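Residue numbers (the working numbering): -11 to 119. From the three backbone atoms N, C-alpha and C, an ideal C-beta is built for every residue, glycine too. Quick caveat, the model's predicted, so the values are computed rather than measured. Everything on this sheet refers to the single structure shown next.
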Amino acid sequence: MSKDKTEPMAISEEITTRTPPWGQVSLLEQGDRYRINRIVVNPGYHISTQMHYHRSEHWIVVAGTAKVICGGEETLLLPKQSTYVPMNTPHRVENPGVIPLVMIEVQNGEYLGDDDIIRFPEEDAKRNRKK
């Protein structure tokens, strides 16, 4: 029998979690061309403005409110709403609310390594935002 290319390479029995200053990222599952994370952004915090050359992302809001800036466009997302972040597109998410923002992030692409995260300085991010 041929091996299914979408078969998970590693389903986390023990969830791997890291805690950046803005919240928490837990790896839920990962395969050859995808990774699924649970992301928590604390109230008043945001992730850095960034982009990726080799992957796209899909964010689904589970709790709280997400202020998403993607390609210069600003959108507010509530629970059960989602957005798509294409490759090569500067993006960031902020938590403008008073409760933690909880999202599920699905990354898809040929390469998912952390060295494909291009971070932009905060001043550039503010200047490049559409008014």
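- For the beta strand (DSSP E) containing H79, list its first residue and its last residue. In the sequence shown, the residue the question calls residue 79 occupies position 91. Bounds of the beta strand (DSSP E) holding H79 are 79 to 82.
- Message: Please classify I87 as buried or exposed, where buried requires at least 16 neighbouring CB atoms within 10 angstroms.
- Response: As a working note, residue 87 is residue 99 in the sequence shown. Under a 10 Å Cβ-count criterion, I87 is classified as exposed, with fewer than 16 other Cβ atoms of the shown protein chains found around its own Cβ.
- Message: Distance check for M39 and E91, CA to CA, integer angstroms please.
- Response: Residue 91 sits at position 103 when you count from the first residue of the sequence shown. Residue 39 sits at position 51 when you count from the first residue of the sequence shown. Just to set this straight, residue 91 is Met in the shown sequence, not Glu. Roughly 18 Å between the two C-alpha positions.
- Which same chain residues, not among the five before or five after D104, have their C-beta less than 7 Å away from its C-beta? Translated into positions along the sequence shown, residue 104 becomes position 116. By the criterion of a C-beta distance shorter than 7 Å, D104 is surrounded in its chain by H40, Y41, H42, R43, once the five residues flanking it on both sides are discounted.
- Query: Beta carbon of R21, beta carbon of E98: below 8 Å?
  - Reply: Position 33 of the sequence shown, counting from 1, holds the residue named residue 21. Position 110 of the sequence shown, counting from 1, holds the residue named residue 98. Yes, the Cβ-Cβ distance between R21 and E98 is below 8 Å.
- Item | Three-state class that DSSP yields for E110 in the structure shown | In the sequence shown, the residue the question calls residue 110 occupies position 122. Helix at E110.
- Query: Can you give the Cα-Cα distance for N30 and D102, rounded to whole angstroms?
  - Reply: For the purposes of this step, residue 30 is identified with residue 42 of the sequence shown, where counting begins at 1. For the purposes of this step, residue 102 is identified with residue 114 of the sequence shown, where counting begins at 1. Approximately 22 Å between the Cα atoms of the pair.
- Task: Work out the CA separation of H46 and E17 for me, nearest whole Å.
- Result: Against the sequence shown, residue 17 aligns to sequence position 29. Against the sequence shown, residue 46 aligns to sequence position 58. Straight-line Cα distance between these residues: approximately 15 Å.
- Going by the beta-carbon positions, is the gap between G52 and L89 smaller than 8 Å? By 1-based counting over the sequence shown, the position of residue 52 is 64. By 1-based counting over the sequence shown, the position of residue 89 is 101. In this structure, L89 lies closer than 8 Å to G52 by Cβ.
- Task: Give me the Cα-Cα distance between T37 and P67, rounded to the nearest whole angstrom.
- Result: If you number the sequence shown from 1, residue 37 lands on position 49. If you number the sequence shown from 1, residue 67 lands on position 79. Computed Cα separation, rounded: 22 Å.
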